[in-house]
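> Residue numbers (my numbering), protein chains in the order written: chain U, 25 to 173; chain Y, 25 to 173.
All C-beta atoms in this analysis are idealised placements derived from N, C-alpha and C, irrespective of residue type, glycine included.
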DNA sequence: CCCTAATTCGCAATGCTTGCGAATTAACAA
DNA sequence: TTGTTAATTCGCAAGCATTGCGAATTAGGG
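1. Can you give me, in chain order, the residues of the segment 137-162 of chain Y that have a beta carbon less than 8 angstroms from any beta carbon in chain U?
2. Give the DSSP-derived three-state secondary structure of residue 64 of chain U in the structure shown.
3. Residue 156 of chain Y by DSSP, collapsed to three states: which one?
4. Looking at chain U, which residues of the segment 123-134 of chain Y have a Cβ within less than 8 angstroms of any of its Cβ atoms?
5. Hey, does residue 121 of chain Y have any beta-carbon neighbour from chain U nearer than 8 angstroms?
6. Any idea if residue 157 of chain Y is buried or exposed, counting beta-carbon neighbours within 10 angstroms, 16 or more meaning buried?
7. In whole angstroms, what is the alpha-carbon distance linking residue 104 of chain Y and residue 106 of chain U?
8. Take residue 87 of chain Y and list the residues in its own chain whose beta-carbon comes closer than 8 angstroms to its own, dropping the five residues that flank it on each side.
9. Of all Cβ atoms in chain Y, is any one closer than 8 angstroms to the Cβ of residue 91 of chain U?
10. Quick check for students: name the residue ranges of the beta strand (DSSP E) that lie wholly in the segment 40-126 of chain U, counting only runs of 3 or more.
11. Which word fits residue 84 of chain Y, buried or exposed, when buried means at least 16 other C-beta atoms lie within 10 angstroms of its C-beta?
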């Protein structure tokens with residue numbers, strides 16, 4: 025169980041990598057720590073802006089890219105804007121067709137089960153995406169209400 | 025094992041749905057039939073253009089959208105341009121980190137195995153993406169050659 | 001052969017992300 | 001503290017993938 029790095033640990037990791045620790049980055053480290061909402065860059069930018077008006081979306085993207093490159097963040101592509109997950113555990117995701125909500129899911133690692141068609145392919149990671157209806161949306165039959173994040 | 029629909033079957037399905045069968049669509053039906061390369065709209069457009077100069081990228085997108093809506097095509101989001109898979113079997117994919125090659129992979133359906141975190145989520149589909157190195161790229165150590173499709 | 005709704009297709013517009021460059025700033029050493 | 005320098009910030013423009021729109025065309029049933 026690799027746990028999510030604390031803002032302090034990220035500061036150390038950044039400096040160790042020859043990267044600078046700016047106020048903008050420290051803010052983002054904090055906003056990401058323990059964050060389970062799988063935010064997009066835009067969402068994170070909005071939250072960050074509230075606390076630090078003037079921070080730029082460009083900087084948010086930059087920092088997210090750096091974090092992902094260091095393996096401290098998971099870059100999730102589900103169509104539309106990319107989502108970022110500070111939980112770098114080996115885990116998977118469920119995505120609600122109706123409201124778009126993304127949640128963490130833990131399952132037995134599928135690269136240990138027998139698969140056909142993987143001839144010689146060396147697996148680095150295996151990620152499952154469960155699509156369907158979240159409990160809240162499953163109830164309301166054809167509810168079209170789509171809430172962001 | 026739901027098999028891939030033939031161009032003729034798609035013609036029937038389209039008319040049944042009140043959609044017209046145009047030369048452009050027939051061409052795309054043919055290009056997609058048995059196609060295992062997981063092409064992007066752009067790639068498909070290029071191939072189609074060779075046979076039917078003047079066909080528009082817009083039309084390719086339109087037809088792919090229609091096919092996907094009818095469930096005759098799988099819309100795959102892996103970052104970058106969407107890929108389309110005429111194989112609508114319950115299957116998964118491997119993606120090479122180096123060359124981007126996408127291949128079909130068959131694995132035991134993961135929605136039958138025990139998962140934690142799926143509380144009340146009703147699963148419509150579970151798709152696994154295996155990331156890593158394909159046999160060809162695994163050999164060449166740090167080869168940066170990235171071939172399209 | 002006609003009618004009409006569906007389609008094609010080009011262009012503009014959108015949404016997401018990255019490139020670029022000038023001004024600023026963190027971090028390290030003197 | 002001050003100086004030096006490379007990293008960073010940030011706004012804008014550019015890029016890629018995709019969709020909206022509308023005029024002209026066409027499939028397909030009557």
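By the coordinates alone:
1. 137, 138, 139, 140, 141, 142, 143, 144, 145, 146, 147, 148, 149, 150, 151, 152, 153, 154, 155, 156, 157, 158, 159, 162
2. By one-based count along the first chain, residue 64 of chain U stands at place 40. In this structure, residue 64 of chain U counts as strand in the three-state DSSP scheme.
3. If you number the second chain from 1, residue 156 of chain Y lands on position 132. It is a strand residue.
4. 127, 128, 129, 130, 131, 132, 134
5. To locate residue 121 of chain Y, count along the second chain from 1; it is residue 97. True, the Cβ-Cβ gap to chain U drops below 8 angstroms.
6. As a working mapping, residue 157 of chain Y is identified with position 133 in the second chain. So residue 157 of chain Y ends up on the buried side.
7. Locating residue 104 of chain Y in the second chain gives position 80, counting from the first residue. Locating residue 106 of chain U in the first chain gives position 82, counting from the first residue. Looking at the two C-alpha atoms, the distance is approximately 11 angstroms.
8. Here residue 87 of chain Y refers to the residue found at position 63 when the second chain is read from its first residue. Answer for residue 87 of chain Y: 48, 49, 52, listed in chain order.
9. As a position in the first chain, residue 91 of chain U is number 67, starting the count at 1. Output row for residue 91 of chain U: interface = no.
10. 98-100, 107-109, 116-120
11. Here residue 84 of chain Y is taken as the residue at index 60 of the second chain, counted from 1. Per the 10 Å Cβ criterion, buried.
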